[in-house]
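Numbering-wise, the sequence shown is residues 203 to 569 according to the working numbering. Scroll down for the structure; my scribbles are underneath it.
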Amino acid sequence: MAQHQHRTSFMKTRRLPRLIMVCVATAVVPTLLNAADVAPALPGQPATPQSWTHPSPDEPFAKALSITKAAESLDRVSLAWTQKQKCGSCHTTFPYMMSRAVLKGTPSTAMTEVRAFFENRIRTLETDREKNPHFTREVMGTAAVLAVHDSQTTGKLHPLTRQALDRTWTLQREDGAWDWPKCRWVPFEMDDYYGALMVAVGVGHAPEGYARAGSARAGLEKLRAYFKATPSPSLHHKAWLLWAATKLDGLMSVEEKQTTLKELLALQRGDGGWSMESLGKDWVGRKGEKSNPDAPSDGYGTGLVVHVMREAGVPAGDAAIQRGAHWLRTHQRESGRWFTRSLNGVEQHYISHTATAFAVLALKACE
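The structure is reproduced here in structure tokens:
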């Protein structure tokens with residue numbers, strides 16, 4: 203099935219609600235926390251009765267790396283999130299759309315449905331703008347992930363992606379950034395800097411030279427000025443900036459790129475991995491939990507750093523890359539995912555979904 207093909211009945215019978223912010227009122231939290239309690243049947247597969255357990259540090263490691271299981275894990279949790287929550291989330295469906303398509307040997311009808319959700323959201327976004335307090339975040343995030351997905355699939359900029367990207371520039375502030383959620387959901391919803399990073403990564407990946415288009419020129423100049431004037435609040439964000447800078451000129455100097463690589467290399471653990479918490483040593487989660495700079499290696503820290511280093515031109519044969527890739531190959535869990543501890547006071551450890559997405563990106567980049 204083509205990646206951009208729509209499921210006709212899905213699109214005609216349901217008007218998809220607006221994306222739900224992860225930054226939610228306390229009364230809504232229990233609904234979100236139970237979003238993936240039971241494994242849904244993937245399209246084209248029989249229903250599965252077993253419980254789909256939440257990520258846990260106690261889940262056994264897989265006996266051998268399985269990309270098929272990784273793909274199934276990404277499909278299952280992202281499809282469940284989309285169907286049950288109608289939600290584009292920074293920890294689940296956004297990274298899913300930025301990673302799943304690189305697994306070209308494992309077709310996914312689930313990805314078709316999730317893609318259709320985001321496309322339809324762009325079609326209907328303006329109709330409920332007055333009732334949607336998170337309109338700007340929706341436009342930015344959806345535009346970015348669709349652009350990355352386009353680059354990984356057709357290599358052509360979908361008209362709806364272009365529409366979302368163009369709309370993003372109209373929402374940009376004079377300082378070059380956008381209004382992004384700041385509700386202490388570490389590490390994605392805590393500052394405007396990360397929202398600007400999302401746009402930079404999306405525009406950098408957008409096919410057909412979108413970054414050189416007239417509609418993007420003025421906004422990109424403001425965005426470059428913002429990054430030049432605003433220090434990165436964490437090494438995590440600086441790693442994302444380095445990723446964006448591999449696709450967009452003018453975001454970092456050669457010296458800044460080399461310094462960032464050195465800072466990342468300095469945090470590699472003895473076992474070859476990296477810890478997410480070491481990339482944000484001053485982070486404090488939404489319930490007051492502080493990051494531990496000495497925390498052990500985890501899936502997101504390792505996946506992000508290996509992926510970014512490869513994008514920045516570090517050879518696959520480099521010793522640090524080899525050790526990081528080995529850590530990823532030997533630390534997949536039986537469910538197919540990679541675990542990462544959440545700092546946000548939720549036992550579901552949603553950041554593990556992001557970890558799985560970046561582990562996949564990293565391993566594919568090392569092939």
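Heads up, the beta-carbon is just placed ideally off N, CA and C, and yes, glycines get one too.
Assuming the contact rule is C-beta atoms closer than 8 Å, residue i and residue j should be a hit. Round their C-beta distance to whole Å, please.
i	j	result
E340	G378	That pair is no contact at about 20 Å.
E274	R535	Going by Cβ atoms, the distance from E274 to R535 rounds to 13 Å, so no, they are not a contact pair.
H293	T556	5 Å
S477	L545	The pair is not a contact, with the Cβ atoms about 12 Å apart (cut-off 8 Å).
H336	L399	Actually they are not in contact, since the Cβ atoms of H336 and L399 sit about 18 Å apart, beyond 8 Å.
A441	V508	Actually they do not touch by this definition, with Cβ atoms about 11 Å apart.
L281	E315	6 Å
Does the Cβ-Cβ distance between residue i and residue j come in under 8 Å?
i	j	result
V388	G490	no
L565	A518	no
L563	S301	yes
M342	W380	yes
P495	E513	no
R323	T308	no
H256	Q524	no
L362	L348	yes
S537	G501	no
T432	Y396	no
A420	L359	no
A469	M454	A small correction: the amino acid at residue 469 is Leu; Ala does not occupy that position in the sequence shown. Not a contact, by the Cβ cut-off of 8 Å.
A447	K430	no
L463	V516	yes
T558	A272	yes
L530	A561	yes
What separation, rounded to the nearest whole angstrom, lies between the Cα atoms of residue i and residue j?
i	j	result
K333	T372	19 Å
G452	R426	6 Å
L276	Y298	7 Å
R278	S258	17 Å
G474	T295	28 Å
S434	A303	29 Å
M392	A415	31 Å
A264	R539	9 Å
K449	A413	10 Å
R161	A497	Only positions 203 to 569 of the chain appear in the structure, and residue 161 is not among them; the question remains open.
D520	D484	30 Å
A318	G472	43 Å
P383	T338	10 Å
R386	G547	11 Å
T532	S310	25 Å
G482	V510	16 Å
A346	Q354	13 Å
E390	D330	Strictly speaking, residue 390 in this sequence is Phe, with Glu absent from that position. So the two alpha carbons sit approximately 25 Å from each other.
| task | Within the region 311 to 370, note down every full alpha helix (DSSP H) run reaching 4 residues or more, in order along the chain. | result | 311 to 326 and 337 to 354
| query | Counting Cβ pairs closer than 8 Å, one from the region 350 to 367 and one from the region 402 to 413, do we hit at least three? | reply | yes
| task | Quick one: which unbroken beta strand (DSSP E) runs of 3-plus residues sit fully inside the region 372 to 408? Chain order, please. | result | none
| query | Quick one: complete alpha helix (DSSP H) runs, 4+ long, within the region 464 to 499? | reply | At a cut-off of 4 residues, not a single continuous stretch assigned as alpha helix (DSSP H) sits fully inside the region 464 to 499.
| field | Those runs of the beta strand (DSSP E) which lie wholly inside the region 419 to 446 and span at least 3 residues | value | none
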